[in-house]
Amino acid sequence: MKGKSLVSITDYSKEEILEIVRLSEKFENNPVSDLLKGRVVATLFFEPSTRTRLSFESAVNYMGGKVIGFTDSSSSSVQKGETLKDTIITVSNYCDLIVMRHPLEGTARYASEVSAVPVINAGDGANQHPTQTLLDLYSIHKTQGTLENLNIFMVGDLKYGRTVHSLLMAMTHFNPVFHFISHEKLRIPEEYKIFLRQNNIPFFEYSDFADRLAEADILYMTRVQRERFSDPIEYEKTKDTYVLKSEMLVNVKDNFKILHPLPRVNEVSIDVDDHPSAYYFPQTKNGVFARQAIIAKILGLKIDF
Amino acid sequence: MNKDRTKLQVSAIESGTVIDHIPANQLFKVIKILKLDAIQNQITFGTNLYSQRQGKKAIIKISDVFFKEEELNKIALIAPTAKINVIRNYEVAEKSVVEVPDLIVGIVKCVNPKCITNHEQIVTRFTVIDKQRVELKCHYCEKITDQEHLKIS
Ligand SMILES: [Zn+2]
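Chains as they are written, first to last, in this note's numbering: chain C, 1 to 305; chain D, 1 to 153.
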């Protein structure tokens, strides 16, 4: 369907997720095109996120489109007290598509209601970041050949990590088994456990890695942020308990891959980078293809490759 | 005689709507939600009245005003025990209870301080995910506002 905004991962059905996976594959095989020739995409970053912005701009450039926008709100009219509504309505008259990031939650949904063109949410506070989830799904599909029946391990900040929550929601379409490894203070919230039970998705919770990775297909690592702990000593201890080291990877399966939304701090040790299971850098490259796919779907572009 | 006197704690109306069994501490919120402060008709209020079922209750009698069901259902969020009596000719013509609606537009403030609706002039929208426990999911930030944190905007 053309013209529908992408605000939350739940905006996409299972079929639409698979459509993005198929399209991403096409763009991986044909990264350079002129599908966006004569089109303008606005990237409105009300807070900086260089990685995400560059990934989108790269996707647009490879498709022959032009980019306008701003990289943080200090340089924009927002600084002059303009409402979000006025900014979005105005900019939507200058472009074919808006990609936006904002520190407040719900901004992308609201923008999609006032904008004259579709909106892609590139992160609204702690709420949603659906394009990250879709690139995660593409990475999983690409390395496993399927999204169905996988053993997914998630490690780190499972309480606040929005990428974890969105991936969990999306993967639920594909009959996975989840294994959650975290500090007791950063456990997966109850509402997600209820959601998994309702969908008959088995899950297990652990407080350490032990030797559990032998059965894993995917390990999704996330960063534990200092701000989550009131006690700095507890943070220091936690930080080191949930670090992945190369010696922990001796028994892993051949198809096993390590994903990380990045940036990392120390939760994946540098010596893992050269292991054949390390996939977090290729994952960022997949991000460009997944974003090309999302843009193509939303703008209803005709793909003849 | 005694029984009649308790019944008549607040005087009867000839025609209109009586909202009974409002929890006493929610009376002013009910007034706000139904915008009774803007009505020119005769209204009588009683509060801190004794109720066998709920301790202290409040009652509102509005003369010659008949509300739409959807209007009255808005108060179910804060006064789920409320009973509606439609009065015609001093008689109770219809009785009903209030029911929490599926979708709530306006009225409630989102509990999330980082929600866009708390920073710009936006009419809030919630889907009711649990009518019994009154749990509302914000259409914008997707966070849950529960009964304990429910604030009327
Ligand atoms: Zn909200």
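Beta carbons: idealized from backbone N, C-alpha and C, even for Gly.
| Asked | Found |
| --- | --- |
| At least three beta-carbon pairs within less than 8 angstroms, the stretch 106-121 of chain C to the stretch 59-72 of chain C | no |
| Beta-carbon proximity check, Val108 of chain D vs Thr145 of chain D, cutoff 8 angstroms | yes |
| Spatially closest choice to Asn251 of chain C from C:Glu267, C:Pro232 and C:Ser277, by CA coordinates | C:Ser277 |
| Contact check, Asp136 of chain C vs Thr222 of chain C, beta carbons under 8 angstroms | no |
| Ser63 of chain D (DSSP reduced to helix, strand or coil) | strand |
| Whole-angstrom distance between Lys83 of chain D and Ile258 of chain C, CA atom to CA atom | 59 angstroms |
| Interface positions of the stretch 138-151 of chain D facing chain C (Cβ-Cβ less than 8 angstroms), listed along the chain | Cys138, His139, Tyr140, Cys141, Glu142, Lys143 and Ile144 |
| The stretch 42-57 of chain C in contact with the stretch 136-145 of chain C per 3-pair CB rule at 8 angstroms | no |
| CA nearest to the CA of Ile122 of chain D, picked from D:Cys138, D:Gly16 and D:Asp130 | D:Cys138 |
| Cutoff 8 angstroms; reference Arg212 of chain C; Cβ partners in own chain excluding five residues on either side | Phe153, His179, Ile181 and Tyr206 |
| DSSP-derived helix/strand/coil call for Ile201 of chain C | coil |
| Sufficient close CB pairs (3 or more, under 8 angstroms) joining the stretch 95-115 of chain D to the stretch 56-75 of chain D | yes |
| Selection of the stretch 110-123 of chain C by Cβ proximity to chain D, strictly under 8 angstroms | Tyr110 |
| Terminal residues of the beta strand (DSSP E) in which Pro23 of chain D lies | Gly16 to Pro23 |
| Lys239 of chain C to Arg133 of chain D span [Cα, whole Å] | 38 angstroms |
| Reference Asn118 of chain D; option with closest CA among D:Gly46, D:Ser153, D:Leu103 and D:Glu91 | D:Ser153 |
| Beta-carbon separation (whole angstroms), Ile19 of chain D vs Ile60 of chain D, contact threshold 8 angstroms | 5 angstroms |
| Sequence-distant residues of the same chain with beta carbon closer than 6 angstroms to Ser73 of chain C, five excluded per side | Phe46 |
| Cutoff 8 angstroms: Thr87 of chain C Cβ touching any chain D Cβ | no |
| N- and C-terminal bounds of the alpha helix (DSSP H) containing Arg291 of chain C | Tyr280 to Leu299 |
| C-beta contact flag for Ala108 of chain C and Asn93 of chain C at 8 angstroms | no |
| Minimum Cβ-Cβ distance from Glu120 of chain D to chain C less than 8 angstroms | yes |
| Start and end residues, beta strand (DSSP E) containing Leu97 of chain C | Leu97 to His102 |
| Within chain C, partners of Ile104 of chain D - CB distance below 8 angstroms | The premise fails here: Ile104 of chain D is roughly 15 angstroms from chain C at the closest Cβ pair, so nothing lies under 8 angstroms. |
| Chain-ordered chain C contacts of Thr127 of chain D [CB-CB under 9 angstroms] | In chain order: nothing, as chain C lies at least about 12 angstroms away. |
| One or two residues paired with Cys110 of chain D in a DSSP bridge | DSSP output for Cys110 of chain D lists no bridge partner at all. |
| is_contact[Ile116 of chain D, chain C] using C-beta, thresh 8 angstroms | yes |
| contact_flag[the stretch 82-98 of chain C, the stretch 18-25 of chain C] where n(CB pairs < 8 angstroms) is 3 or more | no |
| Contact set for Val92 of chain D: own chain, Cβ-Cβ below 6 angstroms, skip 5 residues either direction | Asn85 |
| Residue-level contact to chain D via CB, Ser8 of chain C, 8 angstroms cutoff | yes |
| Every unbroken beta strand (DSSP E) inside the stretch 226-252 of chain C [3 residues or more] | none |
| C-alpha gap between Ser139 of chain C and Asn286 of chain C, whole angstroms | 7 angstroms |
| Short CB-CB distance (under 8 angstroms) between Asn112 of chain D and chain C | yes |
| Contact test: Gly106 of chain C Cβ vs ligand 1 heavy atom, cutoff 7 angstroms | yes |
| Buried versus exposed, by CB contacts within 10 Å (16 or more), Tyr50 of chain D | exposed |
| Length at least 4, wholly inside the stretch 37-91 of chain C: the alpha helix (DSSP H) runs in chain order | 50-62 |
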